[in-house]
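Data first, discussion second: the structure below is written as structure tokens.
In the working numbering, the protein residues as written are 274 to 399.
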């Protein structure tokens, strides 16, 4: 598997854009009403990418969905996105390159779920 560190830089940019948009559009309580089509147009991303990245922001604890089209910002720290796991994976892969071929072993090495390791390998191989 060819690990592409530029993919990580690109992904960091996507999360930064998303979190920045949410910050600018939040109300006094930290809630953001958003429309996927508007987010997609504003950020120059596909609707599918916006939906996936919003789901990941929630999964990692950066946002909490209040109801459809409304989320609450919990934190804007980039560590609360898959970026932190990608950096951990890069560190592990530099020590043990063979882990790139085995998501289960990478998951064990990083102490994460196998599905998270698979997602990270997918991101890093683009």
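Glycine included, each C-beta is placed from N, C-alpha and C at the ideal position.
My assumption, with CB atoms under 8 Å, is that residue i sits in contact with residue j. Please give the rounded CB distance.
i           : j           : result
residue 323 : residue 312 : 5 Å
residue 397 : residue 359 : 6 Å
residue 373 : residue 394 : 7 Å
residue 325 : residue 290 : Not confirmed; about 14 Å, so no contact.
residue 295 : residue 305 : 5 Å
residue 285 : residue 351 : 7 Å
Tell me which residue opens and which closes the beta strand (DSSP E) that residue i is part of.
i           : result
residue 336 : 336–340
Would you mind reading off the limits of the alpha helix (DSSP H) that contains residue i?
i           : result
residue 305 : No alpha helix (DSSP H) contains residue 305, which is instead part of the beta strand (DSSP E) from 304–306.
residue 293 : 278–298
Could you tell me which residues DSSP puts in a beta bridge with residue i?
i           : result
residue 359 : For residue 359, which the question treats as bridged, DSSP gives no partner whatsoever.
Under a three-way DSSP split, which group does residue i fall into?
i           : result
residue 345 : strand
residue 388 : helix
residue 378 : helix
residue 322 : helix
residue 365 : helix
residue 373 : helix
residue 313 : helix
When the cut-off is 8 Å and only beta carbons count, does residue i lie next to chain B?
i           : result
residue 305 : The structure shown has no chain B; it contains just one protein chain.
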